[in-house]
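Numbering (the working numbering), first residue to last: 12 to 104.
Just so it is clear, CB atoms sit at the ideal spot from N, CA and C, and this is done for glycine as well.
This report refers to the structure that appears directly beneath it.
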């Protein structure tokens, strides 16, 4: 079964190469760019696997969230601590 992934990010480095991020997202499966920094991907990858692959081409000060709408799971990198803690606390309530 494929996973319904939503990918969102903030690229915080001036002059960042967006193409490398776009290509990493597109390589995950059948995709649609929904908004400026929101993508939908029908993928065989889990949200953790997808986030790892995308994060590999991002900078340490960027922010990434990948949500699997199929399994109600999520993975993120460099989300502000307060937001990260809030999501961990309330995600499965």
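Residue i versus the options, residue with shortest Cα-Cα distance
i	options	result
residue 55	26, 32, 38 and 27	38
residue 44	17, 91 and 92	17
Buried/exposed call for residue i, threshold 16 Cβ in 10 Å
i	result
residue 41	exposed
residue 29	exposed
residue 62	buried
residue 13	exposed
Which of helix, strand or coil DSSP assigns to residue i
i	result
residue 82	coil
residue 89	coil
The alpha helix (DSSP H) enclosing residue i, as first and last residue numbers
i	result
residue 94	92-101
Boundaries of the beta strand (DSSP E) in which residue i is found, first to last residue
i	result
residue 21	14-21
Practice problem: Can you check the region 23-70 for any alpha helix (DSSP H) of at least 4 residues that lies completely inside it and give the ranges in chain order? | Solution: Unbroken alpha helix (DSSP H) runs of no fewer than 4 residues, entirely contained in the region 23-70, are found at 29-37 and 58-66, following chain order.
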